[in-house]
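If you read the sequence shown in the numbering used here, its first letter stands for residue 14, the second for the next number, and so on.
Every residue gets a Cβ at the ideal spot worked out from N, C-alpha and C, and that includes glycine.
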Amino acid sequence: MEATRDNPWLVPTAVLGGFLFLGLVLGGWLLGKEIKETRLADRYVTVKGLVERTVKSDSAIWPVTFKETGNDLQQVYAKSEEDRAAVLKFFTAQGIATQEISVGQIQVTDKQANEYGGNNQGGPRYIVQQTVTVSSNDVDKISKAGQKTAQLLQAGIIVIGGYGQGIRYVFNGLNALKPDMITEATKNARASADRFAADSGSQVGSIRSANQGVFSISAADAGSGVGPGEEGGAATSPDSSIMKKVRVVATVDYYLVK
14 MEATRDNPWL
24 VPTAVLGGFL
34 FLGLVLGGWL
44 LGKEIKETRL
54 ADRYVTVKGL
64 VERTVKSDSA
74 IWPVTFKETG
84 NDLQQVYAKS
94 EEDRAAVLKF
104 FTAQGIATQE
114 ISVGQIQVTD
124 KQANEYGGNN
134 QGGPRYIVQQ
144 TVTVSSNDVD
154 KISKAGQKTA
164 QLLQAGIIVI
174 GGYGQGIRYV
184 FNGLNALKPD
194 MITEATKNAR
204 ASADRFAADS
214 GSQVGSIRSA
224 NQGVFSISAA
234 DAGSGVGPGE
244 EGGAATSPDS
254 SIMKKVRVVA
264 TVDYYLVK
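Structure follows, in structure tokens:
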């Protein structure tokens, strides 16, 4: 007590020294932790997890477009109506219900009324075009009917082909598949990381970053390439196939620790 009374600065100096010591210890610990984390951040592996599922389309859309041409509008229109009746009869014969069929508006083209074409265009003056569309959840029934379209040609009906025509098969259940496929893709990515870590004498740590990837739907027989037209794939349109392949690739970065 005498020493304290003789030197009132002794206690504050000791306390300050203690704080300085604790500060140095804490600073060293934080610095070491930061260096360790920096080294850890430099050690990671990027892996991918692939999952594919083969599914069946659950709906079909089939637009059948036909046209008639001629110079007498009334005659062309009458023939187009005959074609429409024949198409509806064909669909009914294939077991397609009335509620699955919709008839579009008639499109009439007068080539002489085309201000850019003038009156020098050859061929018939009028073109009358109609579209009858089938929408059904019975994809097998529509597929079988599609194999009999030659009957329309035999009846003299000119069916227009090209883009947007033909049967289009659709799969609407993707959202129900997503959770399980993402989980499985992540597990596959982790398994790849574990194999890599074992080969390199490391252990897999926490996730550094993750990307679930983009879901793609292709024809089931399109091959195993990245996408249509790429190496290993095919140019088959997914809409033309009843059976489809749903694919997702998850990309995950894992830290590697000793």
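Query                                                                                                                                               : Result
Does DSSP put T144 in a helix, in a strand, or in coil?                                                                                             : strand
For V259, which of I230, P251, Y268 has the nearest alpha-carbon?                                                                                   : I230
On the DSSP bridge assignment, give the partners of E65 in chain order.                                                                             : R260
Tell me where the alpha helix (DSSP H) around N201 begins and ends.                                                                                 : 187 to 213
On the CB-based measure, 16 or more other CB atoms within 10 Å of its CB, does A126 come out buried or exposed?                                     : exposed
According to DSSP, is K80 helix, strand or coil?                                                                                                    : strand
By how many angstroms is the C-alpha of F104 removed from the C-alpha of V179?                                                                      : Looking at the sequence itself, residue 179 is Gly, so the reference to Val does not match. Whole-angstrom Cα-Cα distance: 14 Å.
So, at 6 Å on beta carbons, what are the nonlocal neighbours of Q160 in its own chain, with the 5 sequence-adjacent residues on each side left out? : none
If you draw a straight line from the alpha carbon of V152 to that of A233, how long is it in whole angstroms?                                       : 16 Å
Going by the beta-carbon positions, is the gap between D266 and I220 smaller than 8 Å?                                                              : yes
If I measure Cβ to Cβ from E95 and keep anything under 7 Å in the same chain, skipping five residues before and after, which residues do I get?     : none
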